[in-house]
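Asks: Take 0 as the starting number for the sequence shown in numbering that gives the first Met the number 0 and just add one per residue.
Note that beta-carbon positions come from the ideal geometry of N, C-alpha and C, so glycine has one too.
So that we are looking at the same thing, I have put the structure below in structure tokens.
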Amino acid sequence: MGLRDRQPTTIEEYINYKIKYNNWNRWGKEDQLGTLNHINKEGIRHANSLVKEGQTVSCSNPIATPKVISDLKRNPRPADHIMTVGPLSSGDYVGVSYHGFVNTHIDALCHIFTNSVDEGGRLYNDRDPSLVTDVGALTNSVDNWKNGIVTRGVLYDIPQLRNEDYVALDRPVEGWELEDWANLVGIIPKTGDAVLIRSGADAFWKSNPDFEFSFPPNTPGNAPSIIEYLYDTSAAILGWDLQESGAMAYDYSARIPIHEVVIPYMGLPLLDNANFEELSNMCRKYNRYEFLLVIAPLIVNGGTGSPVNPIAIF
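Structure (structure tokens):
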């Protein structure tokens, strides 16, 4: 089953992912970069060589104020944007609860535990969750990535692969489809890639304006077999416009089963709620699906993540 057999991940395989794809101590006991260690100087230089057209594309959605997304089930904590306008200048205050399913953000490695604290849960690299305190995380926090994430980005455009507008709820994205897409467009996965999976979030929400969101996510999205692809190709980071599928083949006894493996066990950062619509158009325009990707998290000392505006450069 799984990636090699082109069958959905079984419950037993999913449980084994936490052992098979565990990166604790792989880069040393003090490591807080996780799979970002896959990005090296050679990879950055190669990614820079992909800049030929001088075109840039944002991969972010707008900060989700009530004007942007009014649905309180999708956006239960709308961002604040308070303006101050004076006679000679203007300013504003922005406050955002960025985790969730609307704001484009990166998850730090302190965000998800292996299981509950009462059941002995741990953080990436076997860190004690008590190090995540009311005043900030003392380990695996987002400020460890203050120098930015610069690497080759690859767009995996699954609606284009399937010749549909968006991924259907009952057909989550599987790991072998990432292989199929790479073969179709001539991409050879490289160590340190940013794997960006487009499921067609914009088209889904436009086609289903009355869809009632609930958590765990009940939208279309991705299946656990993509974890195998991420590990086997030594990906540095996963970005997606839709997260876990609400229609898995099995009950994995996990709220967000991909998060719950890749963050605490693999140490792989997640770029959640990205917007790949303009990126998809640009890739079709230039007939290539690889580009330089730059992500600059805010330096939030002890932060569990950060809003980001990823930039793809062609």
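To the nearest angstrom, how far is the alpha carbon of alanine 167 from that of proline 219?
Replies: Looking up residue 167 in the sequence shown gives position 168. Looking up residue 219 in the sequence shown gives position 220. Answer to the nearest angstrom: the Cα atoms are 6 Å apart.
Asks: Could you say if the segment 214–232 and the segment 252–263 meet the contact criterion of at least three C-beta pairs nearer than 8 Å?
Replies: The answer is yes - the segment 252–263 touches the segment 214–232, with three or more Cβ pairs under 8 Å.
Asks: Enumerate, from N- to C-terminal direction, the unbroken alpha helix (DSSP H) stretches of 4 or more residues contained entirely within the segment 239–291.
Replies: Complete alpha helix (DSSP H) runs here, min 4: 276–285.
Asks: Start and end of the beta strand (DSSP E) containing isoleucine 196?
Replies: Numbered from its first residue, the sequence shown carries residue 196 at position 197. First-last of the beta strand (DSSP E) with isoleucine 196: 193–197.
Asks: Decide yes or no for the touch test of the segment 271–284 against the segment 125–139: beta carbon pairs closer than 8 Å, at least 3 of them.
Replies: No: the two stretches stay apart, fewer than three of their Cβ pairs being nearer than 8 Å.
Asks: Confirm, please, whether the CB-CB distance from isoleucine 81 to valine 67 is below 9 Å.
Replies: Against the sequence shown, residue 67 aligns to sequence position 68. Against the sequence shown, residue 81 aligns to sequence position 82. No, these two residues do not count as a Cβ contact at 9 Å.
Asks: Mind listing, in chain order, the continuous beta strand (DSSP E) runs of no fewer than 3 residues lying wholly within the segment 145–171?
Replies: Counting whole runs of 3 or more residues, the segment 145–171 contains the beta strand (DSSP E) stretches 148–156.
Asks: For a minimum of 3 consecutive residues, which ranges assigned as the beta strand (DSSP E) are wholly contained in the segment 68–105?
Replies: Fully enclosed beta strand (DSSP E) runs of 3 or longer: 79–84, 89–94.
Asks: For the beta strand (DSSP E) that isoleucine 310 lies in, which residues bound it at each end?
Replies: Counting from one through the sequence shown, the residue named residue 310 turns up at place 311. First-last of the beta strand (DSSP E) with isoleucine 310: 310–312.
Asks: In terms of DSSP beta bridges, what is leucine 122 paired with?
Replies: On the sequence shown, residue 122 is found 123 positions in, with the first residue counted as 1. According to DSSP, which records beta bridges pairwise, leucine 122 is partnered with Arg126.
Asks: By DSSP, does serine 57 sit in helix, in strand, or in coil?
Replies: Taking the first residue of the sequence shown as position 1, residue 57 is located at position 58. Strand.
Asks: Going by the beta-carbon positions, is the gap between leucine 237 and alanine 193 smaller than 9 Å?
Replies: Residue 237 sits at position 238 when you count from the first residue of the sequence shown. Residue 193 sits at position 194 when you count from the first residue of the sequence shown. Yes, the pair counts as a contact, with Cβ atoms nearer than the cut-off.
Asks: Helix, strand or coil, according to DSSP, for isoleucine 294 in the structure here?
Replies: Taking the sequence shown and counting its residues from 1, the one referred to as residue 294 is at position 295. Looking at isoleucine 294 - three-state DSSP - the assignment turns out to be strand.
Asks: Taking its Cβ as the centre, do 16 or more other Cβ atoms sit within 10 Å of asparagine 274, making it buried, or is it exposed?
Replies: Within the sequence shown, numbered from 1, the residue matching residue 274 stands at position 275. Counting Cβ neighbours within 10 Å, asparagine 274 comes out buried, since at least 16 surround it.
Asks: Can you check which of these residues, Leu292, Tyr20, Pro223, is closest to proline 171 by C-alpha distance?
Replies: For the purposes of this step, residue 171 is taken as residue 172 along the sequence shown, with counting starting at 1. It is Pro223 whose Cα lies nearest to the Cα of proline 171.
Asks: Expressed to the nearest angstrom, what Euclidean distance is found between the alpha-carbon atoms of leucine 35 and serine 89?
Replies: Numbered from its first residue, the sequence shown carries residue 35 at position 36. Numbered from its first residue, the sequence shown carries residue 89 at position 90. Roughly 39 Å separates the two Cα atoms.
Asks: With distance defined between alpha-carbon atoms, name the residue in Ala311, Arg151, Ile312, Pro208 nearest to isoleucine 43.
Replies: Translated into the one-based positions of the sequence shown, residue 43 becomes position 44. Selected option, being the one with the closest Cα: Arg151.
Asks: Name, in chain order, the residues that DSSP records as bridge partners for glycine 33.
Replies: Numbered from 1 along the sequence shown, position 34 holds the residue referred to as residue 33. None, per the DSSP bridge assignment.
Asks: Can the beta-carbon of glutamate 211 be found closer than 9 Å to that of lysine 72?
Replies: Locating residue 211 in the sequence shown gives position 212, counting from the first residue. Locating residue 72 in the sequence shown gives position 73, counting from the first residue. Yes, the pair counts as a contact, with Cβ atoms nearer than the cut-off.
Asks: So glycine 174 and leucine 2 are supposed to be a Cβ contact under 8 Å. How far apart are they, rounded?
Replies: Looking up residue 174 in the sequence shown gives position 175. Looking up residue 2 in the sequence shown gives position 3. Yes, they are in contact, since the Cβ atoms of glycine 174 and leucine 2 sit about 4 Å apart, within 8 Å.
Asks: Taking just the CA atoms, how far does isoleucine 310 sit from leucine 269?
Replies: Taking the first residue of the sequence shown as 1, we reach residue 269 at position 270. Taking the first residue of the sequence shown as 1, we reach residue 310 at position 311. Rounded to whole angstroms, leucine 269 to isoleucine 310 spans 15 Å at the Cα level.
Asks: In three-state DSSP terms, what is valine 141?
Replies: Position 142 of the sequence shown, counting from 1, holds the residue named residue 141. The answer is helix: DSSP assigns valine 141 an H, G or I state.
Asks: Counting Cβ pairs, one atom from each stretch, are 3 or more of them under 8 Å apart for the segment 45–52 and the segment 155–166?
Replies: Touching, no.
Asks: Report yes if the CB atom of tyrosine 16 is closer than 9 Å to the CB atom of tyrosine 264, and no otherwise.
Replies: Counting from 1 along the sequence shown, the entry for residue 16 is found at position 17. Counting from 1 along the sequence shown, the entry for residue 264 is found at position 265. Yes, Cβ-Cβ distance for tyrosine 16 and tyrosine 264 is below 9 Å.
Asks: What are the partner residues of glycine 185, as DSSP defines its beta bridges?
Replies: Within the sequence shown, numbered from 1, the residue matching residue 185 stands at position 186. Bridge partners of glycine 185: none, in fact.
Asks: Check the Cβ-Cβ distances between valine 95 and every residue of chain B, and say whether any is below 9 Å.
Replies: Absence of chain B from the displayed structure is noted, only one protein chain being present.
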